[in-house]
Structure formats: structure tokens, C-alpha cells
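Protein chains in written order, with the working numbering: chain V, 6 to 450; chain G, 38 to 378.
In this text, a Cβ means the ideal position worked out from N, Cα and C, and glycines have one as well.
Here's what the structure looks like:
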């Protein structure tokens, strides 16, 4: 294996792993802020216990997100130095701004919040978690603006063979970025909703702390329902945007080979990239792809055959990831709708509660699939239309990257197991410990 | 002018990072050595618990700013220092997780494991940041394409190691002083002893580092050209001796500030000597990356400057506020609870 492939693998390991922890941070910080605001407003200690119980799970998740985030910033330089040198003028400031406007706020106030239960007024304590939520989501906005620029480079001029920043406002406000931000945040909130619903369902089934977990469940349900609907509408707009921005990705997502009008979507198909066709095509929905991409059945949708082989993304991976993601998205919508009609009879819906528990990993998978569509579907480009991934890796040795890749895999596996074990342990234990502490009148360190 | 401004900011950001994360890295290295039982260890962890994460963001910012303002330097530096940076990264990952999760595990074995992670995860970055910066000061074998002709061993020459040991010693003293301020009882007393002893070690390595800098690098060139710059060295030395005086008087927070200024001064001493290079080439000086051939466009530098001028003061304000929220010694009762939640 060469440096390029190893570096790609390493970046994949680092980003997929990092993104197991990011969505929950984005969504749960908001839910915690809501819970604590309810506590400040009503004085009901149950809301405080909720903030503490979910807050503990939040913090375990948070630290893994933080430490694995540093890896990403470093890797642009260590493994993708040619890329960094090429795009530094536009991409660099976006990262630096993210750190300056968001990371400081997030890291400072998460500590103030975690250690400050007894040091701050209730109001100031609630403000702290709001600041964490705002900062976390702001940081997502900036990094997604940076990613969107790689997907759809705008606001630059070429100077000495390199893109040089011409208009930062164009970079920040481009439609592609707005759609990516909404899509990613939406998925994060769905994931959070299912995380909270899943753990609550576990306790509701066991009739433990019923009022506590019913409140949590319903809060999370509303959150997940709103964003499941939002995500479907938004995902569609995202697809429309892709048709003009990245036709190769769109064609790969649907395994669409021939340029044609009235392009169909097949309910089931098996791609055959070697022969530039699909082995099996069942259940065509006539014109659906044209309508999806351009809102009109007679519009021509570019097929993969009209895209040079050297500029086609891996079709099978992109296609499967997209199909599965969309299916899962539909499933989340279905589950949250069912949940909405059962919201008052949750205790007597054991089958539904069990389904919700087993559904917990699915949004994580959906997020990973979404990133697969985004990143694999963009290949062979690292910066769409400007720089190929193959030209972006650092001039380093295979041994260096092999060793670090093995080390990353070992360390991340260990961290993953540790985080999973601890979250599961404290999730199962329930809020008793913090409720008891409350009753004993004891303060908190 | 814009490039020079960013060069200064770049140096200040790294100096601030070392000054801030320096004490929690120092505490991390000392942790298992100054604490003898579970309660004492918990106090040590607690002394940096609310601060380490905010401090580490200065590293992310310093890295981000290197990327944004001097992309070519970022690309060459980070890829040339591939292996040491990976080790630093693994160290920072393990210590970060240790600091947050140690309080959430219940078996003695897991706790011991995270204690070891904290010590090594703190020691490795301290040492390797020192080695890396000494190498930046001295220059590394890069050609006109920015290709690095060397490996991990290339950077472990005596001057690099001197930089590494100096950083370790500085952070140990800095961390010991922090513990003296924050922790009651035996841990505080032991930390006071460590700080006082470490002062001599710092002095030894500082003199050695300066002497080797004179012999091995061209850092002193700028100082000879503009002797007014010697004020940086003077302030640094005054701070170092000031720290000793305050340790003797037992005013630990003033001694901590002395140590803080010493760390910033040490970093800035090298950075100022480097100007206008960011990364000298030891093959041929004309291959060096400088603020002129490695910087971003004026527009990017201007935008970044606006962001920095607006947000860095705000960041400093709320971080100072956060330090004030958690000021004073750690109370005994705050450690009695297994869980903070």
C-alpha cells in the first residue's frame, strides 16, 4: 500500500470515529440547555436531575469528541501537506476562525458548567450550557463551510496556480454550505433524539423513574420528529443542488449511466460499473430522477457514461451508502410519527419501546453513510474540479503512515470501547445517584 | 508589515499556549509522584480539571493560525515533524481522556491505568514540543521544494534534546507552582519542594540552551542587529529569578506568574531570533520558509487579523472570568463525592 491509500484510510478512521461523537454533542447540548432552562423557570428539581443525568453521558461523549478533533486539524498538515499548501489561503482561515469563535467558548464553558453547579447562580449555570450548545453548533457551521468549499469551491481567484481568497462572504454564504449545514445539524438532532429516547425507553420498560424518563422521552421525541421531517425536505433540496454542483456524485448515488431526459429511479438495482450499466433494474419510477434533480420530468440528467472514467467516484459505495441512508431516514420518520401518536401511552407500548432501543445505533450508521456519500462521492477530487486527492498527500514514508494508522486504530478502538462501556454503565444506572445526592442536600464538586 | 504582524501574533499564540497548557501538563507529569493516596490524587486531578481543555484550545488556535497565515510553513512543518507530532497527539488524547474519565471509572486497576496515561500523556508532548521548537530555531534539512530530508532521529540532536529537557523542566516547575497554589496539605507541601528544586534544573537547562543556541543557531543575529531586543532575555531572566525570590518568600501565585513569564519569554526569545524565518533550512538558507514566501494573501491576513483583534480579547476576558470562578484552594469536601453530577 502506498502513502496515499494509507493516508486516506487514516483520515477515514479519524473522521468516521470523530463523527461518532460529534452529533450527540451538537444535539444533547441543546437538549441540556432546554432542560436546565425549564429548571430555572419552574424550580422543579426533576429538570435539574435530568440535566445532571444526561449531562454525565454528554460529558463522556464530549471528551472523546474533543481529543479526536485535534487529530483532524493536525492531519491536514501531517498527511495532506500538499493539499494544505495549495488551499491554505482559503481553507486555513475557516479552521482558524472555527477555533477562535467556537472552540474556546465551548471548552471554557463546558468546564464552567461541569464544575460550576455549586459555584454559579442557577441562571448563570444555565447560560453556560447555552453557550456550550451555541459554540458547539457554531463550530459545526464553520467546519462545514470549510468542507463545503472543498465540495464546491467559490469565492477565490487563481494566482500562481493556487486558489487565493477573493470573497470570504461568498464562501460563507454559498447555498451548498447552507444545505450541508442544515443536513448535518438535522441528522445530529435526530441522532440525539434517538439516543435519549432509546435510553429512556430502556428505563420506561423497567418502570424505573417513570416520570423522569417519560419527560425525557417526550422532549427527545419532539426533537427527533421535527428534524426527521425537516431532514427529508432538506435532503431533497440538497439533491437538487447536487445535480448542478456535482453531477458525477448524483449519477453515482442513483447508479445512473446514460444521459437522458425522463430519467427514472429504480426501486431496486444492482450496479455493474465494469460494464457501465446496471446488472438488474427493477421497478422504474419514470421521470423520477429528472423530477428529483430538476423538478421537471423532461430535464436531461447527466449519466456516468458522459463523465470521463478518471473523474467518476466509486459507484457501488456511493450508491449503496445513499440508498441505505435514505431508507434509514424514512425509517426514523416512521418511528417518530408512531411515537407521536403513542406519546401518552408509552408505558403500554412495549414493542414500540423495544424497537426504539434497538434503533439507537441506526442514526449513527445513517450519519456515517451520509459522509460516505459526501466524501466518496466527491472522488477523485479533494477540492472539486481543482485538485485531485492523488495529488494532495504529504511526501512522507509508507512506514510512518503505516505505524500511525495502526496506532490510531488501536487507540481509537480502545477509546470507543471505553466510551461505549461508560455511557452504557451510567445510562443503565439511571438518575438515582444524582437524585439521592439532591435529597441528601449534598453539594457537588 | 501585515506578515510581520502575523509573525508576532503567531509567536505570541504559541507562547500563550505553552504558558497555559504548560502548567496542566506539568501537573500531569507530577500527578502520581506528588500524590500518595486516592484522595490526594483526586485533588491533583481536580486542580486542573476545569482548565486543561480551555488551555488546549490555544494549541488548536496556534495550529489553525499557522495553517491560515503561513500555509506553506504549516504544510512543511507538520509533515516534516510527522512522527513527533503523532506522538504528541497520542499523548494529548490519552491525557485528555484520563482527565475526564478517571473520575468515572470504579476499579483500582482502571484508575491506575489512567494515572499512568496522564503522566506519559503529559511528558511526551512536553518533551517533543521542546524538541520541535528547538529544531525550528535551529532549522531542519528541507530542500527548495519543502521536502524534508531526515527522520525522527534527525531532530534528536543535542540542541533538540536540550530544548526538550528545558520544556519539561519549565512545565514541571510551572505545574508544581500551580499545585502549591491550588492544593492543601501534603500535596501542596510536596509541590512546593518540587518547584524549588526544579528551579535549579530550569536554570541549568536555560543556561545550557542559551549557550547551545549561541553555538548551534543564528538566533542571536537579530539581537546583535537590534540590541534593544535583549530586553526579552532580560525580562525572562528577571522573571525566572523573581520566581525564585517569591518561592523563597512563599508567595506561590507570584512565583507562578514568574514562571509563566519565563515560559513565554523563552518561546519569544527563539521566535524573535527566528524572524523573518518561520522554518530555516539547514541545507541552504535560501530554501528557508520565511514570512514572505510562506504567507497567505494580504486579504486572508487582513481578515484573520480582524477576527483575531475582535475575538482574542473576548476569549481572554471569559477565560479570565472562568479562572476566577474556580479560584482559591480546592476544598476538601468538594472531593468527597465520587461523581460530580
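If I'm right that residue i touches residue j with Cβ under 8 Å, what's the distance once you round it to whole angstroms?
| i | j | result |
| --- | --- | --- |
| residue 93 of chain V | residue 314 of chain G | Wrong, their Cβ atoms sit about 18 Å apart, outside the cutoff. |
| residue 357 of chain G | residue 293 of chain G | Going by Cβ atoms, the distance from residue 357 of chain G to residue 293 of chain G rounds to 15 Å, so no, they are not a contact pair. |
| residue 369 of chain V | residue 18 of chain V | In fact, because the Cβ distance is near 16 Å, the residues do not count as touching under 8 Å. |
| residue 159 of chain V | residue 137 of chain V | Contact flag wrong, Cβ pair sits at about 31 Å. |
| residue 129 of chain G | residue 75 of chain V | 6 Å |
| residue 15 of chain V | residue 406 of chain V | 6 Å |
| residue 159 of chain G | residue 66 of chain G | 5 Å |
| residue 365 of chain V | residue 199 of chain V | 6 Å |
| residue 213 of chain G | residue 232 of chain G | 4 Å |
Looking only at C-alpha atoms, which of the options sits nearest to residue i?
| i | options | result |
| --- | --- | --- |
| residue 277 of chain G | G:341, G:221, G:206 | G:206 |
| residue 211 of chain V | V:352, V:143, V:175 | V:352 |
| residue 303 of chain V | V:386, V:70, V:292 | V:292 |
| residue 224 of chain V | V:13, V:425, V:41 | V:41 |
| residue 163 of chain G | G:361, G:209, G:220 | G:209 |
| residue 331 of chain G | G:55, G:110, G:191 | G:110 |
| residue 247 of chain G | G:230, G:280, G:199, G:185 | G:199 |
| residue 134 of chain G | V:424, V:36, V:253 | V:424 |
| residue 325 of chain G | G:176, G:267, G:241 | G:176 |
| residue 195 of chain V | V:420, V:335, V:275, V:289 | V:335 |
| residue 138 of chain G | V:68, V:115, V:300, V:31 | V:68 |
| residue 110 of chain V | G:146, G:68, G:350, G:260 | G:350 |
| residue 87 of chain V | V:183, V:388, V:350 | V:388 |
| residue 395 of chain V | V:415, V:419, V:315, V:322 | V:315 |
| residue 276 of chain V | V:266, V:250, V:309 | V:309 |
When you compare the CB of residue i with every CB in chain G, is at least one pair closer than 8 Å?
| i | result |
| --- | --- |
| residue 427 of chain V | yes |
| residue 124 of chain V | yes |
| residue 146 of chain V | no |
| residue 30 of chain V | no |
| residue 433 of chain V | no |
| residue 94 of chain V | yes |
| residue 68 of chain V | yes |
| residue 22 of chain V | no |
| residue 65 of chain V | yes |
| residue 166 of chain V | no |
| residue 149 of chain V | no |
| residue 400 of chain V | yes |
| residue 121 of chain V | yes |
| residue 440 of chain V | Low per-residue confidence applies at residue 440 of chain V: pLDDT is 49, beneath 50, and the placement is therefore not dependable, though the value from the model is reported in the following sentence. Answer no: the Cβ-Cβ gap between residue 440 of chain V and chain G never drops below 8 Å. |
| residue 244 of chain V | no |
| residue 288 of chain V | no |
| residue 98 of chain V | yes |
| residue 116 of chain V | yes |
| residue 178 of chain V | no |
Within 8 Å (strictly less), CB to CB, does residue i reach chain V?
| i | result |
| --- | --- |
| residue 192 of chain G | no |
| residue 378 of chain G | With a pLDDT of 41 at residue 378 of chain G, under the threshold of 50, the modelled position of that residue is not reliable, and the figure given next carries that caveat. Yes, because at least one Cβ of chain V sits closer than 8 Å to the Cβ of residue 378 of chain G. |
| residue 56 of chain G | no |
| residue 137 of chain G | yes |
| residue 80 of chain G | no |
| residue 130 of chain G | yes |
| residue 141 of chain G | yes |
| residue 184 of chain G | yes |
| residue 297 of chain G | no |
| residue 361 of chain G | no |
| residue 246 of chain G | no |
| residue 126 of chain G | yes |
Bridge partners for residue i per DSSP, in chain order?
| i | result |
| --- | --- |
| residue 162 of chain V | V:169 |
| residue 185 of chain G | G:179 |
| residue 276 of chain V | V:283 |
| residue 271 of chain V | V:289 |
Closer than 8 Å by beta-carbon distance: list the chain C residues that pair up with residue i, in chain order.
| i | result |
| --- | --- |
| residue 420 of chain V | The structure shown has no chain C; the protein chains it does contain are V and G. |
request  = Check distances from the C-beta atoms of the segment 340-356 of chain G to those of chain V and list, in chain order, the residues that come in under 8 Å.
outcome  = 340, 341, 344, 345, 348, 349, 352, 355, 356
request  = Mind checking the segment 318-342 of chain G against chain V and listing, in chain order, the residues whose C-beta falls within less than 7 Å of any C-beta there?
outcome  = 333, 334, 336, 337, 340, 341
query = Of all the residues that make up the segment 312-338 of chain V, which are near chain G by a beta-carbon distance shorter than 8 Å?
reply = none
key: chain G contacts made by the segment 71-89 of chain V, where a contact means CB separation under 9 Å   = 71, 72, 73, 74, 75, 76, 78, 79, 80, 81, 82, 83, 84, 85, 86, 87, 88, 89
query = Going along the segment 156-171 of chain G in order, which residues come within less than 8 Å of chain V, judged by CB to CB distance?
reply = none
key: Near-chain V residues of the segment 38-68 of chain G - C-beta to any C-beta below 7 Å   = none
request  = Mind checking the segment 101-113 of chain V against chain G and listing, in chain order, the residues whose C-beta falls within less than 9 Å of any C-beta there?
outcome  = 101, 102, 103, 104, 105, 106, 108, 109, 110, 111, 112, 113
ask   = Taking any Cβ of chain G, which residues in the segment 402-417 of chain V have a Cβ under 7 Å from it, in chain order?
value = 405, 409, 412, 416
request  = Anything in the segment 83-98 of chain G with a Cβ closer than 9 Å to a Cβ of chain V? List those residues in chain order, please.
outcome  = 83, 86, 87, 88, 89, 90, 91, 92, 93, 94, 95, 96, 97, 98
query = Along the segment 101-123 of chain G, what residues have a CB closer than 9 Å to any CB found in chain V?
reply = 101, 102, 103, 104, 105, 106, 107, 108, 109, 111, 112, 113, 114, 115, 116, 117, 118, 119, 120, 122, 123
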